[in-house]
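Encoded as structure tokens, the structure appears first; notes follow it.
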Amino acid sequence: MLSSVTCQRTLGSKLQKLRFVSLWDGTDYKMSRIAKNLNNYIGHALIYKSLPLNMELAISVPVCKLGARINGIPLYKAGEVMKFEYQRKVNSLNKLKKRASNPDAVEKAKGAESHLHTRYIVDIQSMDSTVSEINRLRDEQLYPKLVQLVNGMTNMWDTMRDHHEAQLTISQALKYFDISQCPKETTEHHHSRTAQLHGVVHDWHVHFESLVNKQKDYIKALNFWLKLNLIPTESSLKEKVSSPPRPQNPPIQRLLITWQDHLEKIPDELAKSAISNFATVIDTIMRQQEEELKLREKCEETSKELSRKTRALEEWYHKHKERTIPDEGETGTTEDTILAEKQFAVESVKKRLEEEQEAYQRHCLQVREKSIASLKNRLPELFRALYNFSLACSEIYRDLSSISQSRN
-12 MLSSVTCQRT
-2 LGSKLQKLRF
8 VSLWDGTDYK
18 MSRIAKNLNN
28 YIGHALIYKS
38 LPLNMELAIS
48 VPVCKLGARI
58 NGIPLYKAGE
68 VMKFEYQRKV
78 NSLNKLKKRA
88 SNPDAVEKAK
98 GAESHLHTRY
108 IVDIQSMDST
118 VSEINRLRDE
128 QLYPKLVQLV
138 NGMTNMWDTM
148 RDHHEAQLTI
158 SQALKYFDIS
168 QCPKETTEHH
178 HSRTAQLHGV
188 VHDWHVHFES
198 LVNKQKDYIK
208 ALNFWLKLNL
218 IPTESSLKEK
228 VSSPPRPQNP
238 PIQRLLITWQ
248 DHLEKIPDEL
258 AKSAISNFAT
268 VIDTIMRQQE
278 EELKLREKCE
288 ETSKELSRKT
298 RALEEWYHKH
308 KERTIPDEGE
318 TGTTEDTILA
328 EKQFAVESVK
338 KRLEEEQEAY
348 QRHCLQVREK
358 SIASLKNRLP
368 ELFRALYNFS
378 LACSEIYRDL
388 SSISQSRN
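Each residue of the sequence shown is one higher than the one before, starting from -12 at the first, in the working numbering.
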């Protein structure tokens, strides 16, 4: 998997056991699937299906818009307008009474005031009913789904921690690996596998960063909405038309506040740096292999050139030396000169080939030694960082799980 510079079957089987990329492949999918379940309850409640709880959307709707839709803010605004209009009518009526104006005008003002008062009460009761339904869904639908998500994340990070711990142990054992077990040269197949690994590790770094950021955005958006949801709404009128005050400390509040606090402190930088550094190591190995393949290609071209010149020399020799030796010594001298020149050309190419082959073999050895040394150092560093990160995440979600269990 890691090309000729890493192993034959012995090291290959060990690195295959590491499975350091595949474990992350399904993470976004798991988060997305659970988040989609959260989306379902919102759709059923008509609480504004456009709320993008799906993690893959990264909370694409502006947070202020999200809060407005779920918290019924348009209803609040309508109620405030109605209240203002009602108070204006009451003030106008009081002025008419003080001036002892036309009784008909007073009665008309009283009628308008009574009509607005009735509308205001109806609107406030409608708003309270909507808010109560939102709160019911929050406590009976959203909160249990979040608890389910926390429990799922707890299990996932426990598993990730165990896998990364095993990977760390295996990678540390690579220090005993003997370089003599490695292939002596890099093949095209090995190089293509190294390039493929480099692409996978690069994607791994991108997805890891995306996973962390989307979790933070997701919980931050929910916290923002909850703050809007918990804003008290009361009537300033003498009549208490509002429903009884709602509890200001629902179970979901402590869970989300603690969740966001944990995610803001999550130690992800070391893990991201370790993955990025490993990608750099693989990129260096890949470039060294490319240089090795170029040297091999150069040797092959020189070898072909030597074959052509050797064949040409042999053909010339058979053509001229098997004929009857001429009487003139000058002609023989000329042919000897030509033969010497051709032999010199062959020897020159042969010597150049030997030098190129020596440089190629030397570079092959350097590639093997540098690559093995880099992997022996970087793999333990990589999996130690991932183990520490997964351990921290495991502890975070265990704490969140205990919070949710204590409130149930």
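Built from N, CA and C at the ideal position, the CB exists for glycine as well.
Around the Cβ of arginine 298, a 10 Å sphere holds fewer than 16 other Cβ atoms; the residue is exposed. Approximately 5 Å separates the beta-carbon atoms of serine 377 and histidine 151; this is inside 8 Å, confirming the contact.
Serine 358 is positioned such that its CB atom lies no closer than 8 Å to that of arginine 148. The C-beta of asparagine 216 has 16 or more other C-beta atoms within 10 Å across all chains shown, which makes the residue buried.
Here DSSP, grouped into helix, strand and coil, assigns isoleucine 269 to helix. Under the DSSP assignment, threonine 141 falls in the alpha helix (DSSP H) whose first and last residues are 130 to 160.
DSSP places glutamine 240 in the uninterrupted alpha helix (DSSP H) bounded by 238 to 251.
For aspartate 323, the secondary structure class from DSSP, reduced to helix, strand or coil, is helix. Apart from the 5 residues on each side of it in sequence, aspartate 126 sits with its Cβ closer than 8 Å to the Cβ of Pro237, Pro238 and Ile239 in its chain, given in chain order.
The C-beta separation of leucine 161 from isoleucine 262 comes to about 18 Å, leaving the pair out of contact by the 8 Å criterion. Linking glutamate 328 to glutamine 275 through their CA atoms gives a straight-line distance of about 38 Å.
CA-to-CA, the gap between isoleucine 157 and alanine 332 works out to about 54 Å.
Nearest to leucine 373 by alpha-carbon distance, out of Lys337, Thr324, Pro254 and Leu209, is Pro254. Under a 10 Å Cβ-count criterion, arginine 283 is classified as buried, with 16 or more other Cβ atoms of the shown protein chains found around its own Cβ. With a threshold of 16 other beta carbon atoms within 10 Å, alanine 266 meets it and is buried.
The distance from the Cβ of arginine 371 to that of isoleucine 166 is about 23 Å, inconsistent with a contact at the 8 Å cut-off.
Residue burial is scored here from C-beta neighbours: aspartate 323 has fewer than 16 other C-beta atoms within 10 angstroms and is therefore classed as exposed.
In the structure shown, the three-state DSSP call for glutamate 328 is helix.
Of the other Cβ atoms in all chains shown, 16 or more fall within 10 Å of the Cβ of threonine 181; this residue is therefore buried. Sorting Val134, Glu278, Phe164 and Gln168 by C-alpha distance to the C-alpha of histidine 178 places Glu278 at the top. Looking at Val137, Pro131, Thr320 and Glu292, the one whose alpha-carbon comes closest to that of tryptophan 246 is Val137. Take alanine 346, set aside five residues on each side of it, and the residues of its chain with a beta-carbon closer than 7 Å to its own are Leu282, in chain order. Excluding five sequence positions before and after asparagine 375, the CB atoms of its chain that fall closer than 8 Å to its own CB belong to Pro254, Leu257 and Ala258, given in chain order.
In the DSSP annotation of this structure, the continuous segment of the alpha helix (DSSP H) that includes threonine 181 starts and ends at 175 to 216. For lysine 337, the three-state secondary structure derived from DSSP is helix. Under the three-state reduction of DSSP output, phenylalanine 376 falls in the helix class. Here leucine 242 is near serine 391, since their CB atoms are less than 8 Å apart. DSSP, reduced to helix, strand and coil, places glutamate 172 outside both helices and strands of the structure shown, so it counts as coil. Residues Thr173, Glu175 and His178 of the same chain have their beta carbon placed closer than 8 Å to that of leucine 280, with the five preceding and five following residues left out of the count. When DSSP states are grouped into helix, strand and coil, proline 254 belongs to the coil group.
Non-local beta-carbon contacts of aspartate 386 in its own chain, meaning distances under 8 Å to residues more than five positions away in sequence, involve Thr245 and His249 in chain order.
Beyond the five residues adjoining it in sequence on each side, tyrosine 384 comes within less than 7 Å, by CB distance, of Val137, Met140, Thr141 and Trp144 in the same chain, given in chain order. Of the candidates Lys201, Trp303 and His192, His192 places its Cα closest to the Cα of asparagine 264. With a cutoff of 8 Å on beta-carbon distance, methionine 273 and histidine 185 are scored as near each other.
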